[in-house]
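Structure first, then comments.
In our numbering, the protein residues as written are -15 to 266.
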């Protein structure tokens, strides 16, 4: 199955936020140019690693660093054999959780952990707080979605600028992205999520946030469940949580969020990590 980073949607998104994209043989090659010193080339979860194409692009754009995040261990071993080194800081999540959406809705729900099922049943029956969920479609609604996220987290936490989120929406138009918000009884935003899907078989839990009130009301469960139902409705085969904690590349900030994601069941998928190589930018 083809990763979203290899989709035309994602290629268009990176173009809109300033990257150069070469698409050759249905593989996306992303380049970030730096004045005087050359370019960085990034290839993420490609279906194949074509050394000749990488060398050709590297010469064309004076690439001084090549970053590849392979899909398989076989590809990772090949990269090591041609001089690439494993990085301790992957750009993409090296371990993730996925749900098989070819199951019936009833089966998917049955595989959720007991606490998740109880929380969702209460919300669906109208007995849960924070279950007022709305879709954001207009640009000003997405801006408000972003403002609510910014106000929900520590000032040190990175939140993408509004223009970047709007460009993402343009790149994943219509039913290829879904912005949702949860609201309290007074209508104030207490949480939000963004889901994307590609032309292929995956949907992704891209971003999520809740403020203190949202966490207390457990509205994040309803938000995520709506994303799963949205993906299944559009015929997606796999729902990807886009990362859980990986002890190979430990980052404690992933622990709490990973516990929440695992409450929805699914199966874990592991990727080799990120491999880099420096070269002379001639």
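Glycine is no exception: its CB is placed at the ideal position from the N, C-alpha and C atoms. Nothing here was measured: the structure is a model prediction, and the numbers come from that model.
DSSP state of residue 21 mapped onto helix, strand, coil:
Correct three-state label for residue 21: coil.
Considering only the alpha carbon of each residue, which of 12, 108 and 22 lies closest to residue 202?
Here the closest residue by C-alpha is 108.
Neighbourhood of residue -14 by C-beta distance below 6 angstroms, restricted to the same chain and skipping five residues each side
Setting aside the 5 residues that flank it on each side, residue -14 is surrounded in the same chain by 184, each with a C-beta closer than 6 angstroms to its C-beta; the list follows chain order.
If we ignore side chains and look at the alpha-carbon of each, how far apart do residue 129 and residue 18 end up?
Roughly 32 angstroms separates the two Cα atoms.
Specify the secondary structure class of residue 138 as computed by DSSP and reduced to three states.
If DSSP states are grouped into helix, strand and coil, residue 138 belongs with coil.
Since residue 54 and residue 63 are thought to touch, with beta carbons under 8 angstroms apart, how far apart are those beta carbons, to the nearest angstrom?
Right, the Cβ-Cβ distance comes to about 6 angstroms (below 8 angstroms), so this counts as a contact.
Report the three-state DSSP secondary structure of residue 255 (helix, strand or coil).
Three-state result, residue 255: coil.
Just checking my contact of residue 156 with residue 208 at CB under 8 angstroms: how many whole Å lie between their CB atoms?
The Cβ separation is near 18 angstroms, so there is no contact.
Do three or more CB pairs link the region 34 to 41 to the region 243 to 261 at distances below 8 angstroms?
Taking 8 angstroms as the limit for Cβ pairs, the verdict is that the region 243 to 261 does not touch the region 34 to 41.
In the region 21 to 63, which residue ranges form an unbroken beta strand (DSSP E) of at least 3 residues, counting only runs that do not cross its ends?
The qualifying runs are 22 to 28 and 47 to 53.
DSSP-derived helix/strand/coil call for residue 84:
Here residue 84 sits in strand by DSSP.
If the criterion is Cβ atoms closer than 8 angstroms, does the pair residue 166 and residue 206 meet it?
In this structure, residue 166 lies near residue 206, with their beta-carbon atoms less than 8 angstroms apart.
Could you spell out where the beta strand (DSSP E) holding residue 174 opens and where it closes?
Under the DSSP assignment, residue 174 falls in the beta strand (DSSP E) whose first and last residues are 173 to 181.
Simplified DSSP assignment, three categories, for residue 264:
Three-state DSSP puts residue 264 in coil, outside helix and strand.
Out of curiosity, what's the CA-to-CA distance linking residue 100 and residue 90?
CA-to-CA, the gap between residue 100 and residue 90 works out to about 14 angstroms.
Is residue 226 buried or exposed, if buried means 16 or more other CB atoms sit within 10 Å of its CB?
Note on residue 226: 16 or more other CB atoms within 10 angstroms of its CB, so buried under the neighbour-count rule.
Short of 8 angstroms in beta carbon distance, which residues of its chain neighbour residue 137, apart from the five on each side in sequence? Order them along the chain.
Hits under 8 angstroms: 143 and 193.
Buried or exposed by the 16-neighbour rule on C-beta atoms within 10 Å, applied to residue 7
Exposed, because fewer than 16 other Cβ atoms sit within 10 Å of the Cβ of residue 7.
Give the straight-line distance between the Cα atoms of residue 139 and residue 195, rounded to the nearest whole angstrom.
Near 13 angstroms, if we compare the C-alpha coordinates of residue 195 and residue 139.
Is it right to say residue 26 is buried, meaning 16 or more other beta carbons lie within 10 angstroms of its own, or is it exposed?
That one is buried.
Would you kindly work out how many angstroms separate the C-alpha atoms of residue 94 and residue 221, rounded to a whole number?
Taking the straight line joining both Cα atoms gives about 18 angstroms.
Can you tell me which of the three DSSP states residue 132 falls into?
DSSP, reduced to helix, strand and coil, places residue 132 within a helical segment of the structure shown.
When DSSP labels each residue in this structure, what does residue 199 get in the three-state scheme?
Residue state, collapsed to three classes: helix.
CB-CB length for residue -12 against residue 79, believed under 8 angstroms:
Actually they do not touch by this definition, with Cβ atoms about 17 angstroms apart.
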